[in-house]
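Written out below as C-alpha cells is the structure these notes cover.
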Amino acid sequence: MKKIFSELKGFVIFSPQLLAQYLQDHHLSGTNILKYFVENEHGDEITKSGIAIPIIGVEEDYYAFRVSVNDEKILNDEEVEVESKGWIFQTANNEVKIVGIGYLKDIAAISEENSVTLSLENGWYSLKIRGGNKNGERLFELNMQKQDMHPAFSGDITTEYYYG
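Residue numbering for the sequence shown follows the working numbering, starting at 24 and increasing by one per position.
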C-alpha cells in the first residue's frame, strides 16, 4: 500500500477538477494555494463546499490512505485512534486525491510520487475520517457515504489528527 509523508504536519483530501474550477471561477492565480486556505475565507468555503478537506495536526510520518464506502470498515473499532465526522466531499472525475498539505505551497510540484489517487464514483458524499494503525502501519480511512444531493456540512475544521 502506497504511503505519503505528512508535509507541514497534515494532508489535504481534494477533488482535482473541482479545486481547479474553484480557483478559476474566483480568479485565484499562482501555484501557492496554501495562502488561500489560511489568509482568507476561501479555505473555509472550499472545505464547506466539499472540494478540499484538511487533515491537520498529524505527526510527521508516512501514512497510507484507503476509501471505504457506506457500511464497509477498513479499520475495526479497536484500531481507530482518532475519528472526525460531519465532512462532505464531492468528486466530478471519479477520483479523490490526497497530498501532504505542504504541497499546496506549490501545486505544480504535486505528482504521482508524492500523492495518492483513489477511485471514487462521481457525486456527493458524507465523509467520516478515521485514523489508526492497521497491521503496524499508520492509516487514514476515508469512509464515504453516497448522498443523492449536497449533504449538510458539520465538520470541525480545528480537529487535530495526532495519534501514537
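Note that the Cβ used here is the ideal one computed from N, Cα and C, for glycine as well.
- Between Ile79 and Arg89, the alpha-carbon positions lie close to 18 Å from each other.
- Secondary structure note for Val61: its alpha helix (DSSP H) is the uninterrupted segment 57-62.
- Under a 10 Å Cβ-count criterion, Ser134 is classified as exposed, with fewer than 16 other Cβ atoms of the shown protein chains found around its own Cβ.
- Relative to Ser107, the option among Phe163, Ile121, Glu101, Asn137 whose CA is nearest is Phe163.
- Cβ contact annotation for Lys26 (same chain, cutoff 7 Å, sequence separation greater than five): Tyr85, Tyr86, Ala87, in chain order.
- Pairwise C-beta distances place the region 143-155 out of contact with the region 58-67, as fewer than three of them are shorter than 8 Å.
- When Cβ pairs closer than 8 Å are counted between the two stretches, the region 161-180 is seen to touch the region 111-129, the count reaching three or more.
- For Ile69, the enclosing alpha helix (DSSP H) covers residues 65-71.
- Your pair Glu118 and Thr140 checks out as a contact, with CB atoms roughly 5 Å apart and the cut at 8 Å.
- DSSP places Pro39 outside any beta strand (DSSP E); the residue lies instead in the alpha helix (DSSP H), whose first and last residues are 39-48.
- Ranked by how close their Cα comes to the Cα of Ser72, the residues Leu57, Tyr45, Lys58 have Tyr45 in first place.
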